[in-house]
Structures are given as C-alpha cells and as structure tokens.
C-alpha cells in the first residue's frame with residue numbers, strides 16, 4: 019500500500035532550506051513546544067466552488083519514512099551558514115523521526131476555502147520540517163483531482179482517460195496527476211508507472227509515428243489490429259481523416275474504436291460516425307483527443323457530437339486555466355510546560371482561526387451537503403453532522419488503514435453526488451457556507467482583543 | 019554527475035502505455051528499422067520570443083540507465099491486452115537497452131519555435147519508448163528555465179532566488195524547477211534536495227510561524243540572529259511591519275537583511291528602507307517576496323522601489339502565465355534494408371521538415387545572434403555559423419561530458435548576452451528568423467508532391 023514512490027531519494031531534503039534553519043533556531047534556543055499546524059487552501063482557483071482533497075497517501079508515506087541520511091547530515095554540517103549551530107543539532111537530526119499525530123480528511127473529500135483539512139501535532143521541529151513536502155503533494159494532487167472532477171462532470175457519463183504525462187511538470191508530476199485524476203473520476207490513465215503502482219486501469223491507442231512507420235496506413239492498421247484484436251483504437255488522422263476511416267472500415271465490424279486527434283471534434287466526429295455507421299460499424303466507438311478540457315467537452319456534448327470517450331492531457335494535468343493552488347500551513351496552537359497558547363493571524367485579508375479544529379459537515383434531509391461548521395477539535399459531535407477530520411497517525415504510528423485507490427475514487431463519486439449541482443457549474447463560482455462555532459469566534463475575538471491592546475500599549 | 023535522481027523508480031515505466039503497445043506491434047510484425055525522431059517545440063508560450071533549452075542531463079541519465087525490471091515485465095505479461103503478443107517480446111524487453119545515438123543542443127542554448135533541438139537515431143522500438151520521458155523532462159525544464167530567464171531579466175541585475183517548491187507540481191517538480199530556474203539565471207533556490215544534488219546555492223529566510231513560536235517578535239529575531247549572525251534575513255511583517263522594522267533595527271547594523279512578504283512591495287519597501295537608513299542600517303538589504311513574477315518585478319523596479327533581491331515562487335515554478343510547453347517528438351527518417359525513407363507531415367498548420375537535421379546559428383559582426391538555418395544533418399558547416407546540435411550518446415555510450423550546472427548557468431547568461439534586446443521584451447512576442455536550407459525545402463517539396471500524387475491517385 020505505501021509504495022516507495024520516493025524511495026531512496028532523500029525524503030528529508032525535499033523541503034525548503036528555511037525549515038532546516040528554523041529547526042536549528044528552535045533547537046539552539048531550546049524551544050521545546052508541542053505545536054499544532056493546520057493546512058488549508060486560502061483561495062479556490064478560478065471558476066471552482068469546491069475542491070477534491072488528494073495527496074494524503076504520499077503525506078503518510080513520507081511521515082512514516084522520514085529520516086536524514088548520514089550523507090545529508092554531513093552536507094548540512096559543512097555548510098557555512100550552520101557555523102554557529104551546536105553540533106548536538108546534527109546528532110538530533112540523525113535520530114530525527116516523526117513521532118507526532120496526523121489528522122486529516124480522507125482523500126476524495128469535498129473541501130472548501132479556508133477549511134483546516136489536515137492537522138499535525140508534534141514537537142515544534144517535527145511539525146515545521148514537514149511543511150514544504152505536505153504542501154507540494156497536497157496542493158498539486160488536490161488541484162488535479164479537482165480539475166479532473168470538472169472534466170468528468172462535463173463529460174456527462176462518457177469516459178475520460180488521462181493522457182497528460184508528456185506535458186506534466188516532469189515524470190513524477192505525470193504519475194501524481196494520473197493518481198489524482200483517477201481520484202477525481204477518470205476511468206484510467208496512459209501513465210504505465212501509475213497503472214503499475216496504484217492499480218489504475220491503463221489506456222492507450224497509437225501515435226501518428228506508428229502509422230508512418232509502415233508503407234501504407236492500411237498496413238499499419240492491419241498489423242496493429244492483428245496484435246491487439248480486442249482493444250485496438252486506431253488513430254485515423256495521420257494523413258487524411260476520410261481515407262483513415264475507409265482504412266479503419268476495412269478492419270471490420272469487430273474494430274473497437276477510432277481516435278480523432280483534432281481541433282474540430284464536432285465536425286469530424288459527425289463525418290466519422292456517419293461513415294462508420296453506413297459501413298455497418300455501429301459498435302465501433304469514437305475516441306476524441308486534442309487539447310481538450312471541461313469547457314471544450316461541454317461544447318462538444320452540448321452540440322450532441324457523437325463522441326464516446328475523451329482522452330484529456332495538458333489541460334488536465336497542469337490545471338491549465340489555473341495552474342497553482344494556494345495551500346498554506348499555519349501555526350494554530352502551541353503548548354509549552356502544559357500552558358496552551360493559541361495562535362492566529364489578524365490581518366484584514368488573511369485572518370485565521372486559532373486552535374486545533376474540527377470540521378462538521380451538515381446534510382439536508384435529502385442527503386445533500388448543506389453547510390460546514392468549524393469548531394474547536396474537542397467540541398462534542400453535533401447530532402446531525404459528520405466530523406470530517408480523522409486521526410491517521412498517532413505518536414508516529416499509523417492507526418488507520420488507507421483504502422485502495424479505486425475505493426477512494428468511488429468515494430469521491432459518491433461524495434460528489436451529495437454536492438448540490440449549483441456548486442458544479444464549471445463557469446462560475448458559487449460560495450459555500452462555512453460557519454465558525456460560537457466558541458471559535460469567541461476565542462478569536464479574545465486573542466484579537468489581547469493582541470490589539472498589546473499593540474496599542476506599545477505605540 | 020549523473021545523479022540517480024530517479025534511481026530504483028522503474029525508469030522504463032515512466033512512459034505512456036501506447037509506447038509499449040506500439041513497441042509490441044513493431045516487434046510482432048518484424049518492423050526492424052533504424053529510425054530517427056526529432057524533438058521540437060511547436061509553439062512558444064504567450065509573450066515569449068525564445069526558449070532556454072533544459073532537461074538534457076535527465077534525458078541522458080535516463081537513456082544510460084533504461085531497462086525493464088523482472089517485476090515490470092511480469093506485470094505487462096499478465097495484462098489481458100498483451101494476450102496475442104508473442105512471448106519473445108517480453109524476452110526482448112528483458113534485454114532491452116538504449117543502444118542508439120542522441121544528438122542535442124546543450125542545456126542553456128537559446129532555441130526557437132519548430133527547431134529540432136534533440137534527435138534520436140535508434141532501432142524503432144528504442145526510439146519510440148523514450149518519447150514520453152523525453153517530453154516530460156524537456157517540456158517542463160525548458161518552460162521553467164525560460165520563465166526564470168524572464169524574471170531574472172526583469173530584475174535588472176538584482177538577485178532572484180527560487181522559492182517555489184511548495185506550489186510546484188509535486189516534490190520532484192520542485193527539484194526540477196529549482197534546477198531549471200538556476201540554469202535560467204537565478205542565484206539559487208530554497209529547495210534543499212536541489213542544492214545537495216545539483217550544487218545550487220541555498221537560500222532561505224524564516225516563516226511567520228517562527229516569529230509566532232516565540233513570546234515576542236523581538237525575542238524571535240534575537241534568537242534567530244544569534245544562531246545565524248552572518249546570514250540572517252528577518253521576516254518583518256508577521257504582526258505589523260513598522261513594529262517589525264523597529265525590532266529588526268534593535269539587532270544592529272550587522273543585520274544582513276529583512277524580508278517583506280506583501281502585495282504592496284513598492285510602498286512598503288520605501289517605508290522600510292527609510293526606517294533602516296535613519297537608524298544607520300544602510301547596509302541591511304531588503305528582500306521581497308509575495309506572488310512575484312517578471313511583470314510585477316518590472317513594475318517594482320520601474321518605480322525605483324528600494325528592493326535588493328527577490329524571492330520568486332509559484333509564478334516561476336508553474337510558469338503561471340502559460341503553464342505548459344507543447345514539445346513534440348516526430349518521426350523524420352527511417353532506414354530499412356539500407357533504404358532511406360524520409361517522413362514528414364503536410365497538414366496546413368502542422369508541417370514538419372523531413373530527415374535528420376542540424377541547426378546552424380549565424381551571428382552578426384557585433385556578435386549578436388542574427389538568424390538560424392535548418393539544414394540536413396550531413397550539410398557541410400557554413401563558414402560564418404555554429405552548428406548547435408552535438409552528439410552526446412553514440413551506440414548507447416556517453417561520448418560527451420556534461421558541464422557542471424553552474425557552468426551551464428554561466429553559458430545561458432553568455433548566450434542571452436548575444437540575443438538582441440527586442441526578443442527579451444517580456445510583454446510581446448517578436449518573431450525570430452529560422453530559415454530552411456534549399457536542400458531541405460527541395461526534399462520537403464519532393465515528398466509533398468509524391469504524397470499528394472499518391473492521394474489523388476487513390477481518390
């Protein structure tokens with residue numbers, strides 16, 4: 019389950035340098051607090067009203083395997099910037115493990131702006147060092163799972179496969195995008211590594227170069243079909259699409275499908291469907307590719323173009339219309355010598371609630387999501403609601419099994435069924451109601467008052 | 019030099035599934051050609067007039083290490099889709115190595131639309147399988163090296179550091195973005211792994227959480243400074259920026275710098291500079307962060323705001339204003355039984371020249387780049403020009419040493435000095451002249467004539 023996707027790569031160094039200098043600063047100055055950080059997404063990307071949370075499996079695998087190698091430690095020790103840091107810090111790093119707690123919403127959960135969806139409580143250094151890795155896997159996979167869910171929604175039940183690896187941000191981004199887009203509802207991926215490691219169905223057709231490697235298109239088609247008689251999808255537009263259909267028709271009625279890779283899917287799919295039908299290939303499917311996204315698929319299907327399935331690449335795996343997610347990881351509580359100190363930000367645009375929190379989700383009588391309530395983590399469960407955050411790691415040990423990825427995908431689909439349609443509009447954002455409990459608001463106001471009093475005393 | 023960044027990860031599976039089904043198709047049908055593919059970028063991203071080529075080191079490392087593990091082969095063998103494929107194909111995969119030739123322009127080369135910047139000649143299966151990996155590392159790193167060069171250009175000699183890992187498309191994208199942005203001219207990165215593996219200078223300051231972990235901002239500052247007296251950059255806007263400067267001033271004149279993380283760098287940097295100067299901290303630098311990009315930096319420096327250095331994150335590592343590069347990898351030549359067949363595409367928008375090619379770069383008398391000439395690869399060298407493609411791998415063996423990354427960065431900077439300023443305009447595209455040699459045009463026309471004759475015969 020916890021496949022070593024990052025095995026041997028120096029997990030601990032996949033971080034920003036300041037996490038290590040801050041850690042040295044805490045160590046050197048004996049800051050020995052039990053600290054809680056929460057991760058949340060400050061602002062939804064354009065046209066999005068919800069997000070699909072993804073990336074938790076990689077977070078868990080990271081925490082369970084996190085350690086510094088001797089080579090890494092000697093690299094740090096030799097850096098001039100650490101000249102004034104006590105040697106004991108490096109001995110500490112040698113024994114460094116994550117021994118804290120991790121709470122999170124499950125992958126596939128629908129989440130909203132500013133909800134604390136993941137929470138770490140640990141020694142201050144342990145909770146600090148993990149920040150960068152957490153953000154990089156969760157920002158990206160959540161971005162892509164969300165984008166995929168939009169594409170799948172637009173496809174109105176017709177299948178979508180991820181074909182984006184070659185335009186993803188490097189090979190690993192291709193793998194993680196395949197994983198996230200499967201969570202978001204895609205049927206499968208072209209990424210072989212993702213298929214192998216995460217048990218995602220693999221999809222593929224053939225490239226123009228395959229057709230060009232033979233003396234004629236017909237020969238290329240016949241020989242591909244002979245090798246893959248049950249699964250062949252022929253790419254029919256290497257030279258001329260009508261020629262291509264004619265050659266495909268020669269393969270016969272058992273041909274599974276044809277692929278059109280074009281800018282004008284609507285027009286071409288109609289021509290191709292008509293030719294196939296007239297030749298008796300009613301069962302042969304039409305697979306469309308070519309810089310597709312949720313907006314183009316919506317247009318194609320609104321026009322009732324006879325497309326049976328979509329291969330989506332660049333636009334999905336880069337979330338091209340808004341390619342970055344602004345997840346942040348903020349200090350909310352710190353316990354030193356059994357004294358709890360709550361932490362919050364009070365700036366106008368960037369206020370954050372203090373303290374360890376829980377999210378309670380309320381449903382309407384018809385089972386649809388109604389609103390979310392943020393409370394302090396120790397608030398008692400509300401009768402008509404579901405607490406979203408669950409404990410996954412306790413004192414450094416995994417205490418909750420993760421589902422197989424196919425189950426997570428099913429869960430996402432089920433969750434999306436409980437989301438009212440208005441939030442699924444791909445063209446505009448509809449704000450969702452996230453309320454804070456009276457206790458949380460009171461705590462925030464108290465801290466704010468104390469902070470501004472302090473400030474006015476200083477001035 | 020060839021660090022195992024992907025070690026143990028199943029290199030061969032970092033590919034699209036169709037590369038493997040096409041390979042099985044070639045194998046099964048005894049297609050045994052020596053094949054040449056070329057990689058080129060079909061369309062420059064918005065507002066770009068040039069690209070900085072990057073990613074070659076990862077391509078070379080991949081080719082030298084490419085093999086299928088036994089586990090991978092048995093995974094494929096069990097897939098229903100391969101049911102009709104001869105078992106000999108899987109024995110072939112067991113012994114599969116890249117034994118072909120790789121030609122490429124060096125990393126840091128300035129390249130333009132539709133130039134064949136990388137070329138593979140190998141057995142058809144070897145040259146096909148590598149497509150996806152090539153595209154995913156070169157598309158991404160070229161995208162980011164280019165974006166970084168724009169940001170660095172805007173910064174007019176003030177330093178730029180990459181701070182983007184947390185918003186990159188996963189941990190590896192953060193590492194590759196750090197590498198590419200260093201090639202593109204950044205001074206360094208916050209990514210520790212990239213610093214360690216590629217010998218890139220590491221930069222970092224501290225986070226708001228660091229300040230919040232202490233009882234007062236002044237205490238946080240004093241303790242950070244005590245740990246890092248020579249390198250401390252204090253983040254001064256956790257609570258109130260003027261309070262922050264006052265506390266920073268208490269550290270004294272040897273304070274290296276302060277960081278402002280804000281939406282309004284112009285206004286705030288002026289306030290901060292004035293306060294620092296009045297307190298005698300003229301040597302303390304101002305470091306700015308906060309969703310910066312080439313456009314914002316241009317604005318900041320046009321207004322003469324007193325910023326000394328920039329930390330750039332999200333916008334650079336995702337190339338946010340245009341987050342994907344359309345690199346493609348196309349068949350151009352195929353030799354079967356000593357007979358050469360040239361391959362090209364003739365569609366209106368997507369024509370490609372046939373045959374193995376070379377790029378000759380011509381310079382004006384003042385040393386500035388004038389134009390590029392595409393020729394067939396065996397064309398003799400033109401007296402006033404430089405051939406850009408060089409042979410790196412011959413028969414599967416590395417024959418050319420790669421430079422250290424710092425040298426590649428220097429080379430990029432030198433190359434950019436020979437690029438006329440008009441192409442560096444960050445707001446608009448200026449087309450660059452890429453000509454084709456008469457021989458190349460003739461060959462294209464011959465093929466085109468033959469192709470359209472054939473087509474009219476068929477109709």
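Chains as they are written, first to last, in this note's numbering: chain P, 19 to 477; chain H, 19 to 477.
Glycine included, each C-beta is placed from N, C-alpha and C at the ideal position.
Note that the structure is a prediction, hence the values are computed from the model and not measured.
Over what stretch of residues does the alpha helix (DSSP H) that includes residue i continue unbroken?
i                     : result
residue 103 (chain H) : Careful: residue 103 (chain H) lies outside any alpha helix (DSSP H) and carries neither H nor E.
residue 444 (chain P) : Looking at the DSSP string, residue 444 (chain P) is not in any alpha helix (DSSP H), and its letter there is neither H nor E.
residue 36 (chain P)  : 35-46
residue 257 (chain H) : Neither: residue 257 (chain H) is in no alpha helix (DSSP H) and is coded neither H nor E.
residue 511 (chain P) : Only positions 19 to 477 of chain P appear in the structure, and residue 511 (chain P) is not among them; the question remains open.
residue 205 (chain P) : No alpha helix (DSSP H) contains residue 205 (chain P), which DSSP labels as neither H nor E.
For residue i, which three-state DSSP category applies?
i                     : result
residue 177 (chain P) : strand
residue 26 (chain H)  : Per-residue confidence for residue 26 (chain H) stands at a pLDDT of 41, beneath the threshold of 50, marking its modelled position as unreliable; the derived number appears in the next sentence. Note: residue 26 (chain H) maps to coil in three-state DSSP.
residue 199 (chain H) : helix
residue 300 (chain P) : coil
residue 19 (chain H)  : Caution applies to residue 19 (chain H), whose pLDDT of 34 falls short of 50 and renders its modelled position unreliable; the value that the coordinates give is listed next. Residue state, collapsed to three classes: coil.
residue 130 (chain P) : coil
residue 265 (chain P) : helix
residue 327 (chain P) : strand
residue 281 (chain H) : coil
residue 422 (chain H) : coil
residue 98 (chain H)  : helix
residue 93 (chain P)  : helix
residue 401 (chain H) : coil
residue 468 (chain P) : helix
residue 192 (chain P) : helix
residue 536 (chain H) : No answer is possible for residue 536 (chain H): the residues shown for chain H start at 19 and end at 477.
How would you list, in chain order, the residues of chain H whose beta-carbon sits under 9 Å from the beta-carbon of residue i?
i                     : result
residue 146 (chain P) : 225, 227, 228 and 231
residue 185 (chain P) : 153, 154, 157, 158, 342, 343, 344 and 345
What's the C-alpha gap between residue i and residue j?
i                     : j                     : result
residue 377 (chain P) : residue 198 (chain P) : 23 Å
residue 404 (chain H) : residue 379 (chain H) : 5 Å
residue 111 (chain P) : residue 243 (chain H) : 21 Å
residue 40 (chain P)  : residue 251 (chain H) : 12 Å
residue 23 (chain P)  : residue 119 (chain H) : The pLDDT assigned to residue 23 (chain P) is 37, lower than 50, so where the model puts this residue is not dependable, and the model offers no usable value.
residue 358 (chain H) : residue 351 (chain H) : 7 Å
residue 33 (chain H)  : residue 374 (chain H) : 24 Å
residue 173 (chain P) : residue 304 (chain P) : 14 Å
residue 78 (chain P)  : residue 84 (chain P)  : 10 Å
residue 66 (chain H)  : residue 341 (chain H) : 12 Å
Closer than 7 Å by beta-carbon distance: list the chain H residues that pair up with residue i, in chain order.
i                     : result
residue 38 (chain P)  : 210
residue 336 (chain P) : 341 and 342
Run through chain P and tell me which residues come within less than 9 Å of residue i, C-beta to C-beta.
i                     : result
residue 352 (chain H) : 230 and 231
residue 46 (chain H)  : 241, 244 and 245
Which bits of chain P does residue i rub up against, with CB to CB less than 7 Å?
i                     : result
residue 118 (chain H) : By Cβ distance, chain P contributes nothing, its closest Cβ being about 15 Å from residue 118 (chain H), past 7 Å.
residue 42 (chain H)  : 245
residue 361 (chain H) : 230
Return the first residue and the last residue of the beta strand (DSSP E) that residue i is part of.
i                     : result
residue 140 (chain H) : 136-141
residue 58 (chain H)  : 52-59
residue 496 (chain H) : The displayed coordinates of chain H run from 19 to 477. Any statement about residue 496 (chain H) would go beyond what the structure contains.
residue 151 (chain H) : Element bounds for residue 151 (chain H): not the beta strand (DSSP E) but the alpha helix (DSSP H), 149-172.
residue 410 (chain H) : 408-412
residue 383 (chain P) : Looking at the DSSP string, residue 383 (chain P) is not in any beta strand (DSSP E), and its letter there is neither H nor E.
residue 345 (chain P) : 345-354
residue 122 (chain H) : 119-122
By the criterion of Cβ-Cβ separation under 8 Å, what are the contact partners of residue i in chain P?
i                     : result
residue 34 (chain H)  : 181, 183, 184, 208, 209, 210 and 222
residue 247 (chain H) : 102
residue 214 (chain H) : 28, 31, 90 and 93
Chain H partners of residue i, CB-CB under 8 Å?
i                     : result
residue 332 (chain P) : 342 and 344
residue 189 (chain P) : 24, 32, 151, 154, 155 and 190
residue 395 (chain P) : Near residue 395 (chain P) there are no residues of chain H at all, since even the closest Cβ is about 19 Å away, more than 8 Å.
Which whole-angstrom value describes the C-beta separation of residue i and residue j, a residue pair presumed to lie in contact below a C-beta threshold of 8 Å?
i                     : j                     : result
residue 100 (chain P) : residue 346 (chain P) : About 27 Å separates the two Cβ atoms, so there is no contact after all.
residue 287 (chain P) : residue 306 (chain P) : 6 Å
residue 310 (chain P) : residue 290 (chain P) : Rounded, the Cβ-Cβ distance is 16 Å, inconsistent with contact.
residue 253 (chain P) : residue 225 (chain P) : 7 Å
For residue i, is the beta carbon positioned less than 6 Å from some heavy atom of the ligand MN?
i                     : result
residue 182 (chain P) : Ligands displayed in this structure: none; no statement on the ligand MN is therefore possible.
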